[in-house]
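Colleague: This is the structure I want to talk about, given as structure tokens.
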Amino acid sequence: MFDRINTDLPTTPNTVQPTPVTIDSSNESSFNLALAIAQGADERKADNIVLLNVEEVSYLADYFVVMTGFSKVQVRAIAGAIEQNVEEKIGRSPLQVEGLSEGTWVLIDYGEVIAHIFTPDERDFYGLEAFWGHAEKQSYAELMATSNLTAQN
Numbered sequence: 004m005f006d007r008i009n010t011d012l013p014t015t016p017n018t019v020q021p022t023p024v025t026i027d028s029s030n031e032s033s034f035n036l037a038l039a040i041a042q043g044a045d046e047r048k049a050d051n052i053v054l055l056n057v058e059e060v061s062y063l064a065d066y067f068v069v070m071t072g073f074s075k076v077q078v079r080a081i082a083g084a085i086e087q088n089v090e091e092k093i094g095r096s097p098l099q100v101e102g103l104s105e106g107t108w109v110l111i112d113y114g115e116v117i118a119h120i121f122t123p124d125e126r127d128f129y130g131l132e133a134f135w136g137h138a139e140k141q142s143y144a145e146l147m148a149t150s151n152l153t154a155q156n
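Each residue of the sequence shown is one higher than the one before, counting from 4 in my numbering.
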């Protein structure tokens, strides 16, 4: 099978320098995705936009972005604006979208960030903020008021 064995190989082993692995513990990309979702929702006048950092308390996602639309039409419009804004700013499409036909609770799943768009009654009924009450909660309006994030984007 082998007619010849190469005996000209070097006798010293090759040394490979290890490449340092960097883990982004600040989760900046998930936060930026959550912000892009919130900005898209804000463009369609979503109310009470809240970012829940569930990274430490759930394996489902890093962030939930929860918001209210006051009609089924507005909920669907918010969903469309979120998808468009995320595509334009981050270059991502959702993995899954649920609830568009009903229009009372639309879930847009981007993997590490999940958007929940509710009508007021559905938001009160399901109470995601209360259920995930031990997660860090940030109001999008307060976040915008206390930072210069709008100037950066």
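A virtual CB, placed ideally from N, CA and C, is assigned to each residue, including glycine. The structure displayed is predicted, hence computed values, not measured ones.
If you drop the 5 nearest sequence neighbours on each side, which residues of the same chain put their C-beta closer than 6 Å to that of L55?
Modeller: Result list for L55: F67, W135, A138 and K140, in chain order.
Colleague: For K75, which residues from the same chain have a beta carbon less than 8 Å from its beta carbon, with the 5 sequence-adjacent residues on both sides left out?
Modeller: Closer than 8 Å at the Cβ level, and outside the excluded window around K75, lie E105, G106, T107 and T122.
Colleague: Here's the rule: buried if 16 or more other CB atoms are within 10 angstroms of the residue's CB, otherwise exposed. What is T149?
Modeller: T149 is exposed by the Cβ-count criterion.
Colleague: Check whether the region 75 to 89 and the region 110 to 125 are in contact - that is, three or more C-beta pairs closer than 8 Å.
Modeller: The region 75 to 89 vs the region 110 to 125: in contact.
Colleague: For A84, count the other beta carbons within 10 Å of its own beta carbon; 16 or more makes it buried, fewer makes it exposed. Which is it?
Modeller: Buried is the call here.
Colleague: What's the C-alpha gap between L131 and D112?
Modeller: Going from the Cα of L131 to the Cα of D112 covers about 15 Å.
Colleague: Taking the straight line between their C-alpha atoms, what separation do you get for E86 and A118?
Modeller: Spanning the two alpha carbons is a distance of roughly 10 Å.
Colleague: What residue from G94, V116 and L146 has the CA that sits closest to S61's CA?
Modeller: The shortest C-alpha separation from S61 is found at V116.
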